[in-house]
Each structure stands twice: as C-alpha cells, then as structure tokens.
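Asker:
Protein chains: 4
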Amino acid sequence: MPGNSFGNLFRITTWGESHGLALGVIIDGCPSGIDISEDDIQHELDRRRPGQSKITTQRKEPDRIEILSGIFDGKTLGTPISLMIKNADVISKSYEDIKDTYRPGHADYTYEKKYGIRDYRGGGRSSARETVGRVAAASIAKKILSFDGIKTTGYVKQVGDIVADNIDLDQIEKNLVRCPDSKKAEEMIEQIEKVRREGDSIGGIVEVVSRGVPPGLGSPVFNKIEADLAGALMSIGGIRGFEVGMGFETARRMGSEVNDMMYKDDSGNLRFRTNNAGGLQGGITNGEDLLVRIAIKPTSSIPKIQKTVDKHGKQKDLVVKGRHDPCLCPRAVPIAEAMVNLVLVDHLLMSKVSRI
Amino acid sequence: MPGNSFGNLFRITTWGESHGLALGVIIDGCPSGIDISEDDIQHELDRRRPGQSKITTQRKEPDRIEILSGIFDGKTLGTPISLMIKNADVISKSYEDIKDTYRPGHADYTYEKKYGIRDYRGGGRSSARETVGRVAAASIAKKILSFDGIKTTGYVKQVGDIVADNIDLDQIEKNLVRCPDSKKAEEMIEQIEKVRREGDSIGGIVEVVSRGVPPGLGSPVFNKIEADLAGALMSIGGIRGFEVGMGFETARRMGSEVNDMMYKDDSGNLRFRTNNAGGLQGGITNGEDLLVRIAIKPTSSIPKIQKTVDKHGKQKDLVVKGRHDPCLCPRAVPIAEAMVNLVLVDHLLMSKVSRI
Amino acid sequence: MPGNSFGNLFRITTWGESHGLALGVIIDGCPSGIDISEDDIQHELDRRRPGQSKITTQRKEPDRIEILSGIFDGKTLGTPISLMIKNADVISKSYEDIKDTYRPGHADYTYEKKYGIRDYRGGGRSSARETVGRVAAASIAKKILSFDGIKTTGYVKQVGDIVADNIDLDQIEKNLVRCPDSKKAEEMIEQIEKVRREGDSIGGIVEVVSRGVPPGLGSPVFNKIEADLAGALMSIGGIRGFEVGMGFETARRMGSEVNDMMYKDDSGNLRFRTNNAGGLQGGITNGEDLLVRIAIKPTSSIPKIQKTVDKHGKQKDLVVKGRHDPCLCPRAVPIAEAMVNLVLVDHLLMSKVSRI
Amino acid sequence: MPGNSFGNLFRITTWGESHGLALGVIIDGCPSGIDISEDDIQHELDRRRPGQSKITTQRKEPDRIEILSGIFDGKTLGTPISLMIKNADVISKSYEDIKDTYRPGHADYTYEKKYGIRDYRGGGRSSARETVGRVAAASIAKKILSFDGIKTTGYVKQVGDIVADNIDLDQIEKNLVRCPDSKKAEEMIEQIEKVRREGDSIGGIVEVVSRGVPPGLGSPVFNKIEADLAGALMSIGGIRGFEVGMGFETARRMGSEVNDMMYKDDSGNLRFRTNNAGGLQGGITNGEDLLVRIAIKPTSSIPKIQKTVDKHGKQKDLVVKGRHDPCLCPRAVPIAEAMVNLVLVDHLLMSKVSRI
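Residue numbers (the numbering used here), protein chains in the order written: chain A, 926 to 1281; chain B, 926 to 1281; chain C, 926 to 1281; chain D, 926 to 1281.
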C-alpha cells in the first residue's frame, strides 16, 4: 500500500529518482524455470529509451539493464529478480533554478504538500524515468504470457486531431510515432514537429490490444480485469482517461446496439459477433481481443513562457529547460503495453487457483 | 487479492449473491470513536435502492441495514463492522429458463469459463446488487471525510446525446434522473421512458466532484489518486470509460492550453487559475475540486429479442425477463460517490503516516 | 493490514464481538467446485463449542452455522463464502461491574489505550469466541487439503506438569481433555478439576501434527512455513510460545545431533531418518510430518480475588464472574488445527504458481 | 504474498543470493523528512557482518552500504529507499561439489522440490546473507522508533547449557558472544571454540527486550503484536522456537501465578507489578518492556562427515566446506533486533490511524 508496488502474484516494486544514481525494480513471485537473458529485457528498454529520434527528448540514456539477482544460469530461480539501470546523462544543473518554483502541470507543488520535501532534479520520483523499471519487469511478464499464446501490442491511435484509421500492426515500429497507419503517421510526425517548433507540446491517444487471451481471466468484483487495467494504465504519468472496447461512445448508445451477440464458430468455439465490450464481461475475459485506450495529455514541460509561483507564492515567468518529448505518445506505447502485460500475468497466475 | 476486498487502511470486503439469503460487507480498519447510527447508513442505501421510481427497476427491496458488529453504544469500536442486508423480493423463477443460456452483455459465459459453475439467479455475484455493500460501507467513509470538510457529489451528466450544461448541485436530488440541470433532466427522463417502451436501454455519463479535498492526498506511482479512482470506478459493473479533469479532450490539445497556472489568492493560498487536471498532479491532489467522469453502458438486460447461444453452443432467441433499469445512470450516482469516498478515506488515513 | 484478515489466496476475515448479535467470517479465494455442506462446517464448530463438558465453560452456545453466500447447490461458487453464527446465551449483565475495571490478564486496559473505547461485555472482540469464525472457515480449508491427502491433528500434550508420553491419535476424541495418552488424560482431567475447585486455572501445551504434506510447500524468506505457522498460532489468544520440531531443545544441542540425515527409502523416495526439524528446511516442507507446539497460558478469568485498578487508577479487589474454562487446552485443539490448516491451504494454492 | 516482503506501512522487500553480484532491500513507506546517513545504516551492518571475530565465519565481507534512492540531501524523500550491498569475498568454487548433493539441515532438497532449480552456491537465497537487507532497512526503523523513545536490545541468553543470569545490557557489546553476563560470556566463548575444534556447532537462545514501548500498539486478532513478532523472528533462518514473557513456562503454571496485577505508580501511571505477559495483553502492548526469546538451532554446516544423498538418491558421505559460524547466536542478535524493530515501526505507524 505505500504505493510503489504493483501486482499480487507477480509483484513488482520500482524505485529510483530521475537524477539519482540508478533506478530499478524488484520482481517478486516470478515462477522458476523461465529462460531469461539480458537481451530479452534490453529489447523492451530500448523501445522506451529517450533519445530515439527527432521527435523524442534528446536526453541520451543507454539504459543498460543489470540483472542483480533471481536469475541463475539463464533461468529464473523463483527468488526476487532485481534489475537495475544506472543513470548516465544526468544534467542536474538545469534544474537548480526551479528548485523553489512550481512548474505548471508538474507534481512539484503536490509533492511539497504531501512530503514537505522533494528531489527537484528532473522531477525526482515523478519523472517518467520511473517507468523504466516497469518496462524491464514487464518484459518477463511478456515472456510468461507468450507461453500461453498471449501477445499485447500498443500503438499511437491519435495525436491532436489526427486519428489512425487503417490499423496495420506491422507498420507500428516502422515509423517514429508508432502509428499503425503509415499515412497518418507522417501527418502525426509533422504535427509533433510543428508544436515543438512553437515551443509547445501535444496530446494523443494510445490503444493497446491483447490477442490470444483465453476466456476466464479476471475477477468479478473489485479486481475486474477492466478495473485493474484502468488502475494500471492511469498510474502512468500524464494519463487523463481510460476506456475499454466501445468506451465513452457507449454512453450515447442503446443496449441493442452495444450488446455483443454470441455464436458458435466453425471450430465449435463460442465467440462474439462484435467486440463492443473490448474482450470482457463482468470483469472477466471472454476470449475476444482485449482492447483498451488511454488519453495522454500534452507534455507539461514546454519551453514557452508560463506564469507560475514559487514556494513563497511569488509570481514568476517560467521557461522550463531540460530535454523533453513534445508528444508523450510514442514512448508511452511500450509503457502501456508493459502495464497491460503486468495485469494479464497476474490474472493468468491467479486463474491457476480459481478452481479445484 | 482474491478480489472481493477494496482499500488498504479502510478496507472493505463485500459478499453475497443477487438471489441468496443476504448480502453484506465487512469494514476493517475503521478508526474507533466515530458516531454511527443505522440511519446514517440507511440514508445512502435508500439512494441506491431499486424500485425508487418509474425509470428504475421495479424490484422492491427494502434494503434494511443490520449492524452486526463493530459498533457499540453508537460508536465505532475499531473492530470490524459487519453490515448485512437481507434479500426480500427474490423471484428466482424468472431465471430458470436462462440457467443454461448466456445472456448477451452479461457475465454468464465468462463466469462459466472462470469457475465452471455459476449462480444463474439474477446474475448471482455479477449483479449490481453486490454494490449494496459498497454503498453501506462508504456511508461511514463519507462521515469520516466530512470531519475534514471533504464532500463528494455525483450526478448524471449525460444520457444518450443529452448533456447537462447548467450544473446546479441543488437540483440533483429534485429529479428522478439525478441531473443537476433541471431542464435537461426532463429530456433525459423522456428519453429513458422512450427506450424502455421500445424494449431497449440507454447509456450515459456520471460525473463526480469532491470538494474540500486538501492538497497532498495520493501517492506518486502505482497508487496515484487517479489510478485508484479509475480502478475503483471501473470496478462497478457496466462502466466502459473513466476520465479525470479535461479527460479525453486533452488528447486534442496543446500543453499551453492544458497546463493549469498557479497564483496566490487573496487569502494567501496557492491556487490554480483553471482545473483542467481535475484536482491533481502527479497522482496527488492539488487542493482544487477533484473531478472525474465515467461512461456507463446501456443496461444489458433488455426485453427485446436477442440472438445468443446456450452452453452447448445451440443458437437461441432470448427475451431477458426479470426487472431491470432501462438506464443505469441514476442509481449509479450513489455507487460512484461511494467508490470515490472509499478511495479518498484510504488516502486520507494514509496521509497521516507519510511524514515524520 | 487492519488486522482481521488472514491468508492470501485463501483469505479469511472474521468479525464479531463476544456479546454482540452474531459472529462470522468471510472466505475470499476459495476455489470453485468444492462440495460443502453445513454439516462439514458444523462438525468442526461442535468441537470448539463451549459447554461440552464438566471441564469447559458452562456458557451454552449452540453455535449453529448459517451459510449466507458463496455456496450454491452444495458447491462453492468461487465467490466469497459468508458464514454467520448467532449469539444465543448472552448474559451481558455479569459484565456490568467490570465496565470500568481492568481484569488481570485481559486486554481491557490495552484496548482502552489503543481505541479509547471497548465493548466490555465478555471481552468484546478479545474474547475467544472470535475464533468461531476461524474454525468455520478452516473446515473448508481442511476439505481442500484432504484432496491432496493432507490431514492435521491436534491434541493436548501437556497440562501443568503432566505430559503425554504415549501418543495414540485414536485416543484424542475419546477423553474430555483431548489427550492422545489415555492414562495421562485422566490425570490431566483430575488436575483441571482440582484447580477449578481452587478457583484457579492452569496452562498447558497443544501439539499439532500434519501428515501427508508434500515436500515443497512454503516460501524461503518472510513467509517461511514455520514463520506463517508461528504467526498463525500466536494469533490465538493466550498463547505464549511456539516451537517446531525439536524446538527450544535445539538450543542445548550440537549440529551433529540436530541435523536430520537423508536416505532413499524402499519406494525410492528421499526421506529423513529423524524429524528434528519438524518437517521443514529453510521455510519449505520436506515431506516429513509437520510438527508444531504451542504454550497456552492458564485462563486469565479466575474466580479468586485479584488486585487490580479501575480506569481512574483506583485499587480494587476483583472477582471475575462469567463462565470460563479452567484450562484452555482442550478447546484450543480445534482452533490450533484450524490455524495450521489455514496456513497449509494458502501455501498449497501458492505452490500451484511457483513454477512455470 | 510471494514472500520477500515484510511489513505493511513500513514495507521492506529484500533480494539477492549469497554468491550473486549483490544483495539489497527496498523500503517502501518510510515517512519523509528523516535524517539518515550512510553511517546510521553501516553501523548496524557492521554488527551483523561476517568475519568479526574468532567465533564467527571467516568469510570477509566489508558489507558496504550504497544508498541508491529515496534519500536526498541527507533526508528521506518518502519515496522508496533502495539499499545495495555488493558481494566481495565470493568463493563459489567450494560449492561445486555439493551442486547435486543435499547438505543435511539445509534447504537444498526443499528448494529443489519447490522450484525445480536452485542456486547452490552458498545456499543462494537460503543463506543467512539474505538478512543483510533486513538489518539495513531496520536501521531506519530504529531511528524512527527512537523519536518515540523506543529502544530495542538483543543479546545471547543461552549457548548450549550455559544460561546468562546477570543481565547487564552494558556488557553485551563488550564480549565476542554478545552476552549481557560477562562471566557467562567467557564460558560461552569457550564452549563455542570447543565445538568448533570438534568440527561441530552448537545452538542457543537470543532474548530481545524493547523499552519505552507505549501502551496501545498492536492489533487484537490476526496481527496481535506477539503474532507479528513470532512471524518476524521465525522468518530468520534456523529458528526453532519463539516465546514471549514467561513463555513455555506458563504451561506449568496456574492463573493466579501468571496474571500480572495492575497498580497506579507514584507518577500516576497505570503499571503492572510483574511482567509475565512480556509487555502485552490481547495482542496489544501494555507499556511494560516487550520481552521475547528465540531458540536457535546449531549451524547446519559442520565439517564433520555426515551421511546424506545426492539428487539421484545415491548415498554420500559429506564434509561441508565453506566458512561457517559454529554458533549462530552472536550474529543473530542484530538480526533479531532488526525484525523486532520492523514489527514495532509498522505498528507505531498503524497506531496513528486507529482512532479518529
């Protein structure tokens, strides 16, 4: 409950501040006997790494994973897996002038009210760098899920007013913005560069689909799969909304339009003709694709002059320095996938004890 | 972790099936010394009770609360508070014919896949009746929050395409649909009656605002206040989306439009000129109104003929009998308030141990 | 964490005060599909029931179990099982005169210091009646364990200075004191009657053995099986010590005397020649009998005049009225078994997710 | 629940294998604003460090603490505190020959049964080296407790048949065996050297006293303070028994001998004339010294030839190499203190939310 752990049976605890010596994660509850190499983990870290392209922050972090425990001779031991990523490109100096000033859109003021103290360098614990541990841990979850044929894929669905129509998962990693619609990807990149030139930032939507999820994962009351997914995804910084399946659109519709009808397919499986529910009913998966979306606000750190106050309430004109993504969406993709995988692996393990 | 408990320091566990003998809740962690009467609890139960009006289900449940433990001489003891509500108007017979048939939009199939068994009468544990325990427990949370001046109010913001504009909290309980805009309330009621006549149902949006929340409540990583609220609200049956503050609209905006600017007000307090963030930054409250919204799907149970299958995969035309709300929104209001209050009370208690 | 729940995957939450309307328990996490009848549960309750014999309290409580949820058509649903036992023979009057006086050996003073309020009738929540919920819940754990061939048996090993030598499990339920040595049982009963006549009470030791426990149950660090057993058994009121296997005797011994040597038996199984470790190594079971003991203090409530103070610190001579067991051991047997079974069922379920 | 975390509000998670790269701990829930230096932590680590004297293992580990997160400008931030201790003197070679052989008294066989894999070097996760993280974390708990005037002191009460009589806490750190009775300390050291020369090891008892504990800490049912202490202390490797206050001796006594009588002292405080209960009633502290004892088995690793089997069941004569303490007691003292402090800090924080 202190707030830095996630999951129950596959339980992770992240630690680290943006400009401290290192960040990391402990995974407790990973089953023994799984083949894991540093490469498996590094691959996912590289996807969320800063400095990947012209549309992301220029902070250069190699984000090299170090496995400190829990893996022996290439296999998980069943004991806690400790993963660490050292910080390299730390320029704390650029944060000295905001030591006593609250950046708009940031957690500076709220940390101060909660803790009475904060590590102001790069946002400290509130930095998106915290997610490096989540992604590292989830790379192992991803492997476990793959044994059951479950595969989660995220992509940028929307940037500003530009919405992807043509969903081709093969296109995602072929463009800088991780959009499955190659034509819209170009527009999105153009739009992101435009707002960056203007000293501004822009929001967007990331969609995540999990395929191969068997029916029967989840829990009917407080840990409905959609509740756990919502909590998981809303715990990423800068997320302002979550929806599953038809989402907010259902508010405008009638039951006869929204209910998904069942049928028996040619292989004799029970299926649904539509997937308005996004792959679940009553908190439990139904065998269709699990489909969720999150609304991501525009990056708070913008070079434009903004009006704010310092800790004494003195009015200030602030220009936020440091190196920031003009649009959080592309790098949010692997983080969102990570959170979905962490939820799924927990429910997958839990499903092994739900029946006698 | 088995899924029927919520909260950490103020922890509730609900139990009961729709057509069983009773439903109830245990509250563990309620501080001692709080004056609680049955009336305090009954008042909230009456707000979520079925059979309140022409636009809600006609199931007549008195929903009388019984306090079985934890309260002595009108005060909380600090020991578990056990609350029970007996079922009265149970017509199990109407469910016999769906014993082996999966109702569209319901959890019948998914329960079967998870547990291999289900109580088919009224949906069993998946029924909205489960929330009676949540509301009962939250009535005590509400009282604790009131000592700190925190007050949570929910209302119907939207039904189908009808959106409330004029938010006047005093209007909410004056109309059947719990809409703060009295003019729109009439339109909403009309719309609900129309879909009912058509044998259909309709979705909507409920908005919840918490006033008087001090800055500094929440937690910066996995238990961000918006993450806990999302998990809490998405755990109510039939919710398809969650947003905070400007929500999904932020996806379309630029940082300079979304960031809330700080200033010192006349009383010397630090405040925000806008509240696009919905009362929080980095997972922690900022002293502004906490503002969240949920998208509620149209009721799954509709009298219209729907195509489905039975457990053997045989195609069936189904007419769902039983008594159902054509729009879940009005009765979702006290349930949504309850979940918000349960999250807030937990973080309020937690805030007492976050600093030395 | 608020303290009234036990277990993780098979999680129970007990509620109720000694002289309230009822007591009960919720079991969350019980797998679905298990045949359970009221008789299964009642049988265990009858074993811990007060008023069984001349050497136990004369309070007459039928302790009739009521199943309120979670079981349908005789099978567990996978949803929370709510069990309730109504209080019948409640004589609150006998407690009026100790409303403001602290009984020696009781929790009256400590509750007052913790909560500032207490239900003084029969000790309220601190009464041994609280364990009725534990025993009810554990009767289901016992059934689950039986499917894996695990059977837990408790007995009175010692009363005062009288120690059972001849351990014959078949004798246990044949004498009032639940001693496996029929000769020593008589001596124990005589001793208990003697102290009762003197207005006093006496302590003892209960031993619990679990047979058929497979190797590999447990967890190597904080949830070592002996740690969980110790926590479980020490959570029963009036327990002053816990030991496993050779226990405190190991303090006097050398490694060459204590280490259990392994061999391969005729069936090809790896076994241990001795069982000084009590069935475990490094927190994990080794396939030998799991063997633990608890030291039970003499009942605090004795009719003898004792010196104490009231809440104002005024010196008082107190004669504790009410009806009490002169020796807690016989009725502690089913409670100790219950706690052992609750620990084992949790680790048994957990073992299903510890390997890929 | 996966087993490597301890505590609720002040929650630690340890990680690391004996012969891996490093070991460590995350503390989640440490309040912000506490002054902590590396020296505070190092001081406690030095007390449990191997290679301290002729009666402990000769493995030389500097056990230098590294603070990786959660502390900024010498103060706790309220965010997770990550502490790491690198392994230095790792001689894995000496373990190669026991790769497939089960050492008597060790967890080799049980790990194999649970996980199907183990890090056989130095016992891997089952090594006492795991406790380095507990001691590091508890040094911060100790500081928090000191603000409330709570001080915990452990010492060796018994080695073999030699029992300390004369308890003088000032003597503890003045002798190699950490015995508060300087005369008995000499006998104990002699005894330990004797068994070492014989290629054997010896058991003992460690006693821990906490002074200044206010009345009202604890919880009445499953998290009784004695239950949490028992679970905490029994989670240290090689512990075979736990008792509080008069402990197992109460089994032989009558209620009139065991009940502690209350009185009002000269300062007007309610006190107890004796402390047979060891500082608690009904799971809650009563203001007297909290007094517990643990029975520690003789070290399993002894140079004497022992009979065992390998993983194929083949009989083997084994001489355990490696460097081991002939008596675990002296180095168990800081570990036992650590576990007691971890329990106390959790209940101290919890006490801040138990009343309105």
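Backbone N, C-alpha and C fix where the C-beta goes; we use that ideal spot for every residue, glycine too. Just so we're clear, the structure is a prediction, and the values are computed from it rather than from any experiment.
Cα-Cα, which of GLN1206/D, ILE1164/D, ALA1263/D, ASP1271/D is closest to THR1056/D?
Answerer: Taking the first residue of the fourth sequence as position 1, residue 1056/D is located at position 131. The option with the nearest alpha carbon to THR1056/D is ALA1263/D.
Asker: Just to confirm the assignment: which complete beta strand (DSSP E) runs, minimum length 3, are found wholly within the stretch 1029-1107 of chain A?
Answerer: Runs of the beta strand (DSSP E) lying entirely within the stretch 1029-1107 of chain A and spanning at least 3 residues, in chain order: 1076-1084.
Asker: Indicate whether at least one CB of chain B lies closer than 8 Å to the CB of TYR1020/C.
Answerer: Walking along the third sequence from the start, residue 1020/C turns up at place 95. Not one chain B Cβ lies under 8 Å of TYR1020/C.
Asker: For the candidate residues PRO1140/C, ILE1114/C, ASN1091/C, GLU1037/C, whose alpha-carbon lies nearest to that of ASN1194/C?
Answerer: The sequence position of residue 1194/C within the third sequence is 269, counting from 1. Ranking PRO1140/C, ILE1114/C, ASN1091/C, GLU1037/C by Cα distance to ASN1194/C puts PRO1140/C first.
Asker: I need the straight-line Cα distance from PRO1105/A to GLY1074/B, nearest angstrom please.
Answerer: Stepping through the first sequence from its first residue, residue 1105/A is reached at position 180. Stepping through the second sequence from its first residue, residue 1074/B is reached at position 149. Answer to the nearest angstrom: the Cα atoms are 48 Å apart.
Asker: So which residues on chain D does GLU942/A lean against when the C-beta distance must stay under 9 Å?
Answerer: Here residue 942/A corresponds to residue number 17 of the first sequence, with the count starting at 1. Within chain D, the residues near GLU942/A are SER994, GLY995, PHE997, LEU1002, THR1004.
Asker: If ALA1061/A sits next to GLY1048/A, beta carbons under 8 Å apart, how far is it from one beta carbon to the other, in whole angstroms?
Answerer: The residue you call residue 1061/A lines up with position 136 of the first sequence. The residue you call residue 1048/A lines up with position 123 of the first sequence. Between GLY1048/A and ALA1061/A the Cβ distance is about 20 Å, and since that is not below 8 Å, they are no contact.
Asker: Would you call the CB atoms of GLN1116/D and ILE1087/D closer than 8 Å?
Answerer: By 1-based counting over the fourth sequence, the position of residue 1116/D is 191. By 1-based counting over the fourth sequence, the position of residue 1087/D is 162. Yes, the Cβ-Cβ distance between GLN1116/D and ILE1087/D is below 8 Å.
Asker: So VAL950/C contacts chain A; which residues on that side make the cut at Cβ distance below 9 Å?
Answerer: Within the third sequence, numbered from 1, the residue matching residue 950/C stands at position 25. Those do not exist, as VAL950/C stays about 18 Å from chain A at its closest Cβ, beyond 9 Å.
Asker: So with CB distances below 8 Å, who are the chain A contacts of ARG936/D?
Answerer: Position 11 of the fourth sequence, counted from the start, is the residue given in the question as residue 936/D. Residues of chain A whose Cβ lies closer than 8 Å to the Cβ of ARG936/D are, in chain order, MET926, PRO927, SER930.
Asker: Once DSSP output is grouped into helix, strand and coil, what is the label at PHE1147/B?
Answerer: Counting from one through the second sequence, the residue named residue 1147/B turns up at place 222. In the structure shown, PHE1147/B sits in coil (DSSP, three-state: anything other than H, G, I, E or B).
Asker: Quick one, which of PRO956/D, SER943/D, TRP940/D, GLY999/D has its alpha-carbon nearest ILE966/D's?
Answerer: By 1-based counting over the fourth sequence, the position of residue 966/D is 41. Closest by alpha carbon: GLY999/D.
Asker: Span of the alpha helix (DSSP H) holding GLY916/B?
Answerer: Missing from the structure shown is residue 916/B; chain B here goes from 926 to 1281 and no further.
Asker: Looking only at C-alpha atoms, which of LEU1273/C, LEU1253/C, MET1275/C sits nearest to ILE980/C?
Answerer: Working through the third sequence from its first residue, we reach residue 980/C at position 55. Selected option, being the one with the closest Cα: LEU1253/C.
Asker: Run through chain B and tell me which residues come within less than 9 Å of ILE1168/A, C-beta to C-beta.
Answerer: Here residue 1168/A refers to the residue found at position 243 when the first sequence is read from its first residue. The residue you asked about is not Ile; residue 1168/A is Glu in the sequence shown. Those are ARG1165, GLY1166, PHE1167, GLU1168, PHE1173, ALA1220, listed as they occur along chain B.
Asker: For ASP960/C and chain B, any beta-carbon pair shorter than 8 Å?
Answerer: Stepping through the third sequence from its first residue, residue 960/C is reached at position 35. Chain B contact via Cβ: absent.
Asker: Please list the segments of the beta strand (DSSP E) lying wholly inside the stretch 1164-1211 of chain D, counting only runs of 3 or more residues, in order along the chain.
Answerer: 1164-1169, 1187-1189, 1195-1197
Asker: Is there a C-beta anywhere in chain D that falls below 8 Å from the one on GLN1083/C?
Answerer: Here residue 1083/C is taken as the residue at index 158 of the third sequence, counted from 1. For GLN1083/C, the answer is yes, since a Cβ of chain D falls inside 8 Å of its Cβ.
Asker: Return the chain-ordered list of same chain residues with a C-beta closer than 7 Å to the C-beta of GLY1143/C, the five sequence neighbours on each side being excluded.
Answerer: For the purposes of this step, residue 1143/C is taken as the residue at position 218 of the third sequence. Take GLY1143/C, set aside five residues on each side of it, and the residues of its chain with a beta-carbon closer than 7 Å to its own are LYS1149, ILE1150, LEU1205, GLY1208, ILE1209, THR1210, HIS1272, in chain order.
Asker: So, using beta-carbon positions, are LYS1232/A and GLN1240/A closer together than 8 Å?
Answerer: In the first sequence, counting from the first residue as 1, residue 1232/A sits at position 307. In the first sequence, counting from the first residue as 1, residue 1240/A sits at position 315. Yes. Within cutoff.
Asker: Closest Cβ-Cβ distance between GLY1162/C and chain D: below 8 Å?
Answerer: For this step, residue 1162/C is matched to residue 237 along the third sequence. Interface annotation, GLY1162/C: in contact with chain D, CB-CB separation under 8 Å.
Asker: Identify which residue in GLY954/B, SER943/B, TRP940/B has its Cα closest to the Cα of LEU1274/B.
Answerer: Locating residue 1274/B in the second sequence gives position 349, counting from the first residue. If we check each option's Cα against that of LEU1274/B, GLY954/B comes out closest.
Asker: Are any of the Cβ atoms in chain C nearer than 8 Å to that of ALA1032/B?
Answerer: Here residue 1032/B refers to the residue found at position 107 when the second sequence is read from its first residue. It does not: the Cβ of ALA1032/B has no partner Cβ on chain C nearer than 8 Å.
Asker: Would you decide whether PHE1072/D is buried or exposed? Buried here means 16 or more other CB atoms lie within 10 Å of its CB.
Answerer: Numbered from 1 along the fourth sequence, position 147 holds the residue referred to as residue 1072/D. Classification of PHE1072/D: exposed, given that the 10 Å Cβ count is below 16.
Asker: I need the DSSP call for GLU1115/A, collapsed to helix, strand or coil.
Answerer: Here residue 1115/A corresponds to residue number 190 of the first sequence, with the count starting at 1. Here GLU1115/A sits in helix by DSSP.
Asker: Suppose only complete runs of 4+ residues qualify. What are the alpha helix (DSSP H) ranges in the stretch 1210-1281 of chain C, listed by chain order?
Answerer: 1254-1276
Asker: What does VAL950/D pair with, by DSSP beta-bridge criteria?
Answerer: Here residue 950/D is taken as the residue at index 25 of the fourth sequence, counted from 1. VAL950/D is bridged to THR939/D, LEU1008/D.
Asker: Name the DSSP beta bridge partners of ASP960/B, please?
Answerer: By 1-based counting over the second sequence, the position of residue 960/B is 35. LYS1000/B, per the DSSP bridge assignment.
Asker: Using beta-carbon positions only, say whether ARG1218/B and GLY1162/B come within less than 8 Å of one another.
Answerer: Within the second sequence, the letter at position 293 stands for residue 1218/B. Within the second sequence, the letter at position 237 stands for residue 1162/B. No, the Cβ-Cβ distance between ARG1218/B and GLY1162/B is not below 8 Å.
Asker: Taking the C-alpha atoms as reference points, what is the distance between HIS1249/A and THR982/A?
Answerer: Position 324 of the first sequence, counted from the first residue, corresponds to residue 1249/A. Position 57 of the first sequence, counted from the first residue, corresponds to residue 982/A. The alpha-carbon atoms of HIS1249/A and THR982/A are separated by roughly 4 Å.
Asker: If you check the beta carbons only, do PRO927/C and ARG936/B fall under 8 Å apart?
Answerer: As a working mapping, residue 927/C is identified with position 2 in the third sequence. As a working mapping, residue 936/B is identified with position 11 in the second sequence. The beta carbons of PRO927/C and ARG936/B sit closer together than 8 Å.
Asker: Going along chain D in order, which residues have a C-beta closer than 7 Å to the C-beta of LYS1076/B?
Answerer: Taking the first residue of the second sequence as 1, we reach residue 1076/B at position 151. In chain order: nothing, as chain D lies at least about 18 Å away.
Asker: Quick check: the Cα distance between ASP1190/D and GLY1238/C, rounded to an integer number of angstroms?
Answerer: In the fourth sequence, counting from the first residue as 1, residue 1190/D sits at position 265. In the third sequence, counting from the first residue as 1, residue 1238/C sits at position 313. Between the alpha carbons of ASP1190/D and GLY1238/C lies a gap of roughly 9 Å.
Asker: Bridge partners for ILE1127/D per DSSP, in chain order?
Answerer: For the purposes of this step, residue 1127/D is identified with residue 202 of the fourth sequence, where counting begins at 1. DSSP lists MET1179/C as partners of ILE1127/D.
Asker: Would you mind telling me which residues of chain B sit closer than 7 Å to SER1126/A, beta carbon to beta carbon, in chain order?
Answerer: Translated into positions along the first sequence, residue 1126/A becomes position 201. Contacts between SER1126/A and chain B, judged by CB atoms closer than 7 Å, involve MET1179, GLY1180 in chain order.
Asker: Would you please verify whether the beta carbon of LEU1195/D is less than 8 Å from any beta carbon of chain C?
Answerer: One-based indexing of the fourth sequence puts residue 1195/D at position 270. By this cut-off, LEU1195/D is an interface position.
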